[in-house]
Amino acid sequence: MSKLFEYQGKKLLEAGGFKIPRSMIIKSISDAEEVFEEIGSGVLKAQVFTTGRAALGLVKFPETLKDLHTYIGEMLSQSIKGYKIETLLFEEKLDIKQEYFAGIILSTGKSSPTLVFSSKGGSGIEEIVSKYPESVFFLDINPDKIPLPFELIPLLKDTGISGRILNLLSSSLISLIKTAIKNEAKSLEINPLVLTKEGKIIAADCHMTVDDYAVFRHPEFGIEIARELGHPPTELEKIAWAVEKDDYRGTFYFIQMEQNFKKGDGVLGFHGAGGGGSMMSMDALQTYGYKVANFCDTSGNPPASKIYRAAKIILSQKNIDGYFGSGSGVASQEQFHSARGIVKALREVDPDFSVVFRLGGNSEDKAIRILEDYTKDLNCSVKCFGKDTSVTECAGEMDRMMKEGREERGEDITNPEPHKFDYSFYTVTGGTVSFDYSLCKTCLSKVCIKECQGGILKEVNGVPVLNITKTEATSGKCTECLACEVECLAIGNGGGKIFLPIEGLEGGVS
Amino acid sequence: MSILPGKSGKVIIQGITGREGRARTKLMVDIGTNVVAGVTPGQGGSRGVWGVPVYDTVNEAVEIHGNIDITVVFVPAPLVKNAVIESFASGVKLAVIVPDRVPVYDVMAIARAAGEYGARFTGPNTLGVLSPGIGVLGMIGGNADSVRKWFKPGPVGITSRSGGLTTSTAYYLSQAGIGQSTIVHVGGDSIIGLPHPEVVKLFQDDPETKLIVLLGEIGGSQEEDVAELMSTGKVTKPVVAYVGGRGAKEGTQFSHAGAIIEGSRGTYQGKVDSLRDAGAIVVDDISSIPAEVKKILDKLGIPYVRD
Chain Y
12 MSKLFEYQGK KLLEAGGFKI PRSMIIKSIS DAEEVFEEIG SGVLKAQVFT TGRAALGLVK
72 FPETLKDLHT YIGEMLSQSI KGYKIETLLF EEKLDIKQEY FAGIILSTGK SSPTLVFSSK
132 GGSGIEEIVS KYPESVFFLD INPDKIPLPF ELIPLLKDTG ISGRILNLLS SSLISLIKTA
192 IKNEAKSLEI NPLVLTKEGK IIAADCHMTV DDYAVFRHPE FGIEIARELG HPPTELEKIA
252 WAVEKDDYRG TFYFIQMEQN FKKGDGVLGF HGAGGGGSMM SMDALQTYGY KVANFCDTSG
312 NPPASKIYRA AKIILSQKNI DGYFGSGSGV ASQEQFHSAR GIVKALREVD PDFSVVFRLG
372 GNSEDKAIRI LEDYTKDLNC SVKCFGKDTS VTECAGEMDR MMKEGREERG EDITNPEPHK
432 FDYSFYTVTG GTVSFDYSLC KTCLSKVCIK ECQGGILKEV NGVPVLNITK TEATSGKCTE
492 CLACEVECLA IGNGGGKIFL PIEGLEGGVS
Chain U
93 MSILPGKSGK VIIQGITGRE GRARTKLMVD IGTNVVAGVT PGQGGSRGVW GVPVYDTVNE
153 AVEIHGNIDI TVVFVPAPLV KNAVIESFAS GVKLAVIVPD RVPVYDVMAI ARAAGEYGAR
213 FTGPNTLGVL SPGIGVLGMI GGNADSVRKW FKPGPVGITS RSGGLTTSTA YYLSQAGIGQ
273 STIVHVGGDS IIGLPHPEVV KLFQDDPETK LIVLLGEIGG SQEEDVAELM STGKVTKPVV
333 AYVGGRGAKE GTQFSHAGAI IEGSRGTYQG KVDSLRDAGA IVVDDISSIP AEVKKILDKL
393 GIPYVRD
């Protein structure tokens, strides 16, 4: 669920015909004069995703321009739950006669949103329902058949509302329903909904969350990462989202869980596969006393290139003490693609710690062979298991390897770097596949052609070339299976090389 | 399927010509699911996929093949609502909705249409349903060889919110010599067609299922609702359960839209406690499931496998 700020929610309410207070947005101290001239004395509210702002000093009532200056300065210099406060909302003061609660919620197991109203506003809805059940009504709404105001009047009367307010409230609630449906809100809560002394119904606050899966239909929300992270997106999460955003082949989730830890704290880079399997694997690490630096899930049959980028992002986290990966254990997808992606990342980063993966499921024998055999010359110790080893056993092996300390390996590995590229083409995610024909010519295996997932390479005069056009390769016929680099390094002559950019990662991420 | 329509049920694949549609059609055809037709608007009459003819509309498939019982849906998420409601309007009674990221208002519209047409659906975001020895709806197992190796017919019904855990738990049971009646991945989203309580009720009524394995996770109230069914005597078959997400922090969502803790709702401890209070055996690790299942089957004298 992506959250919207109060001011964003209120704008959407206003567009739906709801009354909101006269207001202006403040981004810096220099906005103060203009705003004060327009609104006069009013209420200043920090735009943050937290309730109970007043107690945190994030709601203030400046009477003078000088007060306003002071409060703006104070609020804009604070952070709440890791979010730097960047936006303030300044509104006219309302002469409140009565406070109500109104909201739309979605519940599991229901096929329609529910309208909730209480004639007692102010506190949280759970409290209102338990203390004043007679003040509340719930109504399931069919979005294909939005109720008319008259249908709400008896329900409002049952909560103790009477008189002319019935008309105002019933039409306001209809606006609320329409706003929630139009914007595909998972929740939309107005608390308090205010009756002013002048007799107007106004939304004094607004909490709105929208459906992550529908954000693509609502570019107007300006949501950067359509995922619930529980904190503002970190630089690395933004980099990860850029990898995922337009590549619909499989899923890549990445959330940073720990930052500012030291080497030796037992914080591991984590690479899960599948939501349930990933959660189970994190739980297994926890039983051995390890923390995960990040949550990651690559699943839904992603290409090797996506696994590679995920692995590079995980390995870029400073001070991790190891790299652990596991899914549910019996994946329906072909696991060797994952193995190739991880191998490419490990060969490029060559960390000095232990790596344990559980790549159980289809083609697991091949996956285990690729991951273990193709990393034997690296500094890191790599172990890979299949479906018959439980995740707890894998976590135990990780623990054993970390306690044992790694064996000293030989000198730095040498990746045979091709000297020049005789033939290249681009891939669908902006990568480049290149061949150094001086190496390819003497390669007997031609493993690049044999292992190519899309079958797009053929041998001409002893070297690999595309059997389709370069444009076709770039449009997705090259599936970025990474065989022509990873298999080539292990079995071939090292003439194939794939460069896969990760926007933002090169250039130093701390 | 044993708890959902059986071997004779006619199945169509919507989105049969796409990347996933093609791959999973092969699995279903190879394993013997009764796939009679595929539907991709604009590709009707084109060369069949693995021998399955392709039509532009579900109605055209019905005209040629007679009434269709089940659709398995592989169209992109934004088009799912249209495809599923089309199938209901053409008389299909069960939709297996595989795609991930279907907007929740679309799912609610599908649910309303299902009510209107007297149909049901599993998912979205499901690997599907599998009955060993009978067939697969969806993509559990990936290919027919694996399905035959990994799953055996028997007395255990599995219902899971995680696709991966569905497959692994069934596999570990098979390795321990214990077969499954039907395995159902209910889907990882917050609003789904057949949540745990609904599937558990189907298992309760299914003569082949003698024991239920419930694979839950944090968030929502599906596990608590199953506990309620048990406490009120609506479900009397033994239940062995696992709840994922013990280490999750409040407010963080781990891939599954349904797996998010908000306030006191849907916590790990709350789910474990209510299941235990209702008489379920709750394990900490899915690898202990086969041993717990064996104990119960032994006590009740139920054979591990079915011929």
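Sequence order for the protein chains is Y and U. The working numbering puts the last residue of the first sequence at 521; the count rises by one with no breaks. The working numbering puts the last residue of the second sequence at 399; the count rises by one with no breaks. Think of the CB as a built atom: it goes at the ideal place given N, C-alpha and C, for glycine as much as any other residue. Predicted, not measured: the structure shown is a model, and the values here were computed from it.
Residue(s) in a DSSP beta bridge with residue i
i	result
residue 125 of chain Y	Y/116 and Y/151
residue 345 of chain Y	Y/373
residue 307 of chain Y	Y/265
residue 221 of chain Y	Y/13 and Y/196
residue 37 of chain Y	Y/99
residue 94 of chain Y	Y/91
residue 156 of chain Y	Y/153
residue 55 of chain Y	Y/71 and Y/101
residue 475 of chain Y	Y/470
residue 185 of chain Y	Answer by DSSP bridge pairing: none, since residue 185 of chain Y is not bridged.
Interface residues of chain U facing residue i [CB-CB closer than 9 Å]
i	result
residue 297 of chain Y	338 and 339
Assigned secondary structure, residue i (DSSP; H/G/I helix, E/B strand, else coil)
i	result
residue 190 of chain U	coil
residue 294 of chain Y	helix
residue 519 of chain Y	Bear in mind that a pLDDT of 43 at residue 519 of chain Y, under 50, signals an unreliable position, so the number given afterwards is only what the model happens to contain. The answer is coil: DSSP assigns residue 519 of chain Y none of H, G, I, E or B.
residue 231 of chain U	coil
residue 421 of chain Y	Because the pLDDT of residue 421 of chain Y is 48, which lies under 50, any placement of that residue in the model is unreliable, and the number read from its coordinates should be weighed accordingly. Residue state, collapsed to three classes: coil.
residue 446 of chain Y	strand
residue 213 of chain Y	strand
residue 18 of chain Y	helix
residue 271 of chain Y	coil
residue 248 of chain U	strand
residue 132 of chain U	coil
residue 463 of chain Y	coil
residue 105 of chain U	strand
residue 211 of chain U	coil
residue 47 of chain Y	helix
residue 406 of chain U	Here chain U covers residues 93 to 399 and nothing more, so residue 406 of chain U does not appear.
residue 30 of chain Y	coil
residue 280 of chain Y	strand
residue 138 of chain U	coil
residue 400 of chain Y	coil
residue 436 of chain Y	strand
residue 206 of chain Y	strand
Cross-chain neighbours of residue i in chain U, by beta carbon under 8 Å
i	result
residue 17 of chain Y	What residue 17 of chain Y touches in chain U: nothing, since even the nearest Cβ is about 18 Å away.
residue 195 of chain Y	195, 196 and 197
Within chain Y, partners of residue i - CB distance below 9 Å
i	result
residue 203 of chain U	121, 122 and 123
residue 242 of chain U	341 and 398
7 Å Cβ cut-off: residues of chain Y touching residue i
i	result
residue 235 of chain U	373
residue 265 of chain U	Per Cβ cutoff of 7 Å: no residues; residue 265 of chain U is ~11 Å from chain Y at best.
residue 161 of chain U	Per Cβ cutoff of 7 Å: no residues; residue 161 of chain U is ~22 Å from chain Y at best.
Residue i: contacting residues in chain U (beta-carbon distance under 7 Å)
i	result
residue 301 of chain Y	Here the premise fails: no neighbours, minimum Cβ distance about 10 Å.
residue 609 of chain Y	In this structure chain Y extends from 12 to 521, so residue 609 of chain Y is not present and cannot be described.
Interface partners of residue i on chain Y, CB under 8 Å
i	result
residue 169 of chain U	224
residue 192 of chain U	262 and 311
Inter-stretch contact (C-beta, 8 Å, three-pair minimum) for the region 255 to 269 of chain Y and the region 256 to 271 of chain U: no
Does the region 97 to 110 of chain U come close enough to the region 453 to 470 of chain Y to have 3 or more Cβ pairs within less than 8 Å? no
List, from N- to C-terminal side, the beta strand (DSSP E) runs of 3 residues or more that fit wholly inside the region 255 to 310 of chain U. Complete beta strand (DSSP E) runs here, min 3: 272 to 277 and 303 to 309.
Under 8 Å: do the region 441 to 461 of chain Y and the region 495 to 504 of chain Y share three or more Cβ pairs, one atom per stretch? yes
Whole beta strand (DSSP E) elements within the region 480 to 511 of chain Y, 3-residue minimum: 507 to 510
Any contact between the region 361 to 370 of chain Y and the region 281 to 291 of chain U? By contact I mean 3 or more CB pairs, one from each, below 8 Å. no
Could you tell me whether the region 71 to 87 of chain Y touches the region 183 to 203 of chain Y, where touching means 3 or more Cβ pairs closer than 8 Å? no
Alpha helix (DSSP H) segments (min. 4 residues) lying fully within the region 223 to 258 of chain Y: Given a length threshold of 4 residues, each whole run of the alpha helix (DSSP H) inside the region 223 to 258 of chain Y is given here in chain order: 246 to 256.
For the pair the region 297 to 312 of chain Y and the region 379 to 394 of chain Y, tell me if three or more CB-CB distances fall below 8 Å. no
The region 300 to 312 of chain U in contact with the region 249 to 256 of chain Y per 3-pair CB rule at 8 Å: Short answer: they don't touch.
With contact counted as at least three CB pairs below 8 Å, one residue from each stretch, are the region 330 to 344 of chain Y and the region 282 to 293 of chain Y in contact? yes
Would you be able to state if there are at least three C-beta pairs under 8 Å between the region 314 to 331 of chain Y and the region 223 to 235 of chain U? no
May I ask you to verify whether the region 240 to 249 of chain Y touches the region 35 to 42 of chain Y, counting CB pairs closer than 8 Å and requiring at least 3? no
Segment contact flag, the region 186 to 198 of chain U with the region 223 to 235 of chain Y, C-beta cutoff 8 Å, min 3 pairs: yes
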